[in-house]
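Taking it in order: structure first as structure tokens, then the write-up.
Residue numbers (this note's numbering): 1043 to 1566.
Printed below as a string of structure tokens:
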């Protein structure tokens, strides 16, 4: 590290190194004119760190730079020579660690190293003075705390914290406060709303030299001032000038049963979409507690979520090796939740069903043993339940319902069925023109059969074979059952329903109505 270090332009192909002779603002961009007559456009913010005589290094083929474009500004003025400026898209930022000089640093990787720089080392003080302050133009000891900005007690709960954030946002908006004040308020809330970042901030309040986390693990466009290592592979930052995280707005529906409920916070982790959303009692206003985890799998309702997501990640050890797990995390300040109108009734029903499962557990176990050996029609199951004293309003389909089952598939088939049979983990629907065997779960398939002459004979054969036997027609079982094919449960339930209607000879509407997008209640 030191002045002897430099980007070795001659050793890297497709790299431009030019001396700036003049900067010319052109509106939203600034033109940097070079001695050879060429030019490049940079943002006005980046241009504020460029002076005539500075050298710019950037990849060939760029007439203009955007956030994340790798560009190195080599300062040539003697009074500025101790710091250069570097912009790059970074990936994962490590946990704080001590360097050779016992200084706490965080290392951010530069995945696509176009200029030969593969990592940026950030001292914890630089992270503290950029992410964990309200006013970046003041020193740490002159800062108002985030709690003071939000006007809350440091012991405030997550729900109370969000209420305070909303109130302060309204107050600043009414007072037409400067945009910088609103940004500082959002920064304060987004730090304090995440437990690990709040703990980091509280530690900094007690000891400003404490280890400092890079919020959400990095991932975004980073502009830093500092110097380069002697071998040109590491940039040692002394100050963060700007950071723009990777952001995406998403609007989707998610099953409430997928939410893990804790004492003060709930979290939705969607492994298929690779995203996570953290809720408090204000953003998800349902008066939940950790006991909900006992019966949430009986909830078929979905909640609507609108949020701005930023890229996040961390390394996890699997099979003796470390792998980077990348997710998208919802910014706490940008979360909106829409609840179904009948959510209170659905929650009460799920609680009651869970209670009945416990109250009649022995009887239900006996019924499941019978369902495991052969298909049983719904009317017969209702008679069995009555004999065991189970209330008549008990939903028979719940006997074999599993947490990952999707209500959409069940409801669409149930409303078309004349009779319903339960068999092991499947539901067999006797429709007017066909018979369908269904496991209503993502990744499974709907099995279609022609209408049998004798339903009892069909069920007897079906109860003795495996689905693999049907697919491969072992012993001509597919022919004997009248197997017509499968409908795979893909990522689009609407597509599945469209194909089902075609197979059943129904009228297909293009596009399908909103009824196909989600099901608020699991039963028909």
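No residue lacks a Cβ here, since even glycine has one placed at the ideal position from N, Cα and C. A quick note: this is a predicted structure, and the numbers were derived from the prediction, not measured.
>> Can you find the residues in the same chain that come closer than 6 Å, C-beta to C-beta, to residue 1323, ignoring five residues on each side of it along the sequence?
In response: 1201
>> On the criterion of 16 or more Cβ atoms from any shown chain inside 10 Å, does residue 1142 qualify as buried, or is it exposed?
In response: exposed
> Opposite residue 1267 in the DSSP bridges: which residues?
Replying inline: 1127, 1281
> When you compare only the Cα positions, how much space is there between residue 1555 and residue 1166?
Replying inline: Since pLDDT at residue 1555 reaches only 41, below the 50 mark, its modelled position is unreliable, and the value read off the structure follows with that caveat. The straight-line gap from Cα to Cα measures roughly 53 Å.
> Roughly how many angstroms lie between the CA atoms of residue 1452 and residue 1430, to the nearest whole one?
Replying inline: 26 Å
>> Less than 8 Å between C-beta atoms, sequence neighbours within five positions excluded: which residues of the same chain meet that for residue 1491?
In response: 1476, 1477, 1478, 1479, 1500, 1523, 1524, 1525, 1526
> Do the stretch 1388-1407 and the stretch 1338-1353 touch if we need at least three Cβ pairs shorter than 8 Å?
Replying inline: yes
>> Quick check: the Cα distance between residue 1521 and residue 1498, rounded to an integer number of angstroms?
In response: 17 Å
> Would DSSP call residue 1528 helix, strand or coil?
Replying inline: strand
> Between residue 1254 and residue 1179, what straight-line distance do the alpha-carbon atoms span, to the nearest angstrom?
Replying inline: 19 Å
> DSSP puts residue 1472 in a beta bridge; with which residues?
Replying inline: 1461, 1477
> According to DSSP, what are the bridge partners of residue 1213?
Replying inline: Partner(s): none; residue 1213 has no beta bridge.
> For the beta strand (DSSP E) that residue 1149 lies in, which residues bound it at each end?
Replying inline: 1146-1151
> For residue 1058, which of helix, strand or coil comes out of DSSP?
Replying inline: strand
> In whole angstroms, what is the alpha-carbon distance linking residue 1124 and residue 1063?
Replying inline: 21 Å
> Are the beta-carbon atoms belonging to residue 1284 and residue 1265 less than 9 Å from one another?
Replying inline: yes
> So is residue 1530 buried or exposed if we call it buried at 16+ other beta carbons inside 10 Å?
Replying inline: exposed
> What do you reckon, are the CB atoms on residue 1086 and residue 1107 nearer than 9 Å?
Replying inline: no
> How about residue 1290 and residue 1231: do their beta carbons lie closer than 9 Å?
Replying inline: no
>> According to DSSP, is residue 1489 part of a helix, a strand, or is it coil?
In response: strand
> Can you name the start and end residues of the beta strand (DSSP E) that residue 1346 belongs to?
Replying inline: 1344-1360
> Whose C-alpha, out of 1187, 1069, 1433, is nearest the C-alpha of residue 1247?
Replying inline: 1187
> Rounded C-beta distance between residue 1191 and residue 1176? I'm assuming under 8 Å.
Replying inline: 5 Å
> So what's residue 1163 in DSSP terms, helix, strand or just coil?
Replying inline: strand
> Going by alpha carbons, who is nearest to residue 1115 out of 1102, 1090, 1069, 1414?
Replying inline: 1090
> Are there 16 or more other CB atoms within 10 angstroms of the CB of residue 1325, so buried, or fewer, so exposed?
Replying inline: buried
> Going along the chain, which residues of its own chain have a beta-carbon closer than 6 Å to the beta-carbon of residue 1372, five neighbours each way excluded?
Replying inline: 1319, 1349, 1351
>> Within a Cβ cutoff of 6 Å, which residues of the same chain sit near residue 1559, ignoring the five residues on either side of it in sequence?
In response: Annotation note: pLDDT 36 at residue 1559 (below 50); position unreliable, coordinate value reported separately. Correct list: empty, nothing qualifies.
> So what's residue 1262 in DSSP terms, helix, strand or just coil?
Replying inline: strand
>> Comparing C-alpha positions only, which one of 1157, 1169, 1117 sits nearest to residue 1136?
In response: 1169
> Beta carbon of residue 1533, beta carbon of residue 1314: below 9 Å?
Replying inline: yes
> Under the rule that 16 or more other beta-carbon atoms within 10 Å means buried, what is residue 1305, buried or exposed?
Replying inline: exposed
>> Tell me the DSSP secondary structure of residue 1483 in three-state form.
In response: strand
> When burial is assigned at 16 or more other CB atoms within 10 Å of the CB, is residue 1544 buried or exposed?
Replying inline: exposed
>> Just verifying my parser: in three-state terms, what is the DSSP assignment at residue 1157?
In response: coil
>> On the DSSP bridge list, what partners appear for residue 1067?
In response: 1072
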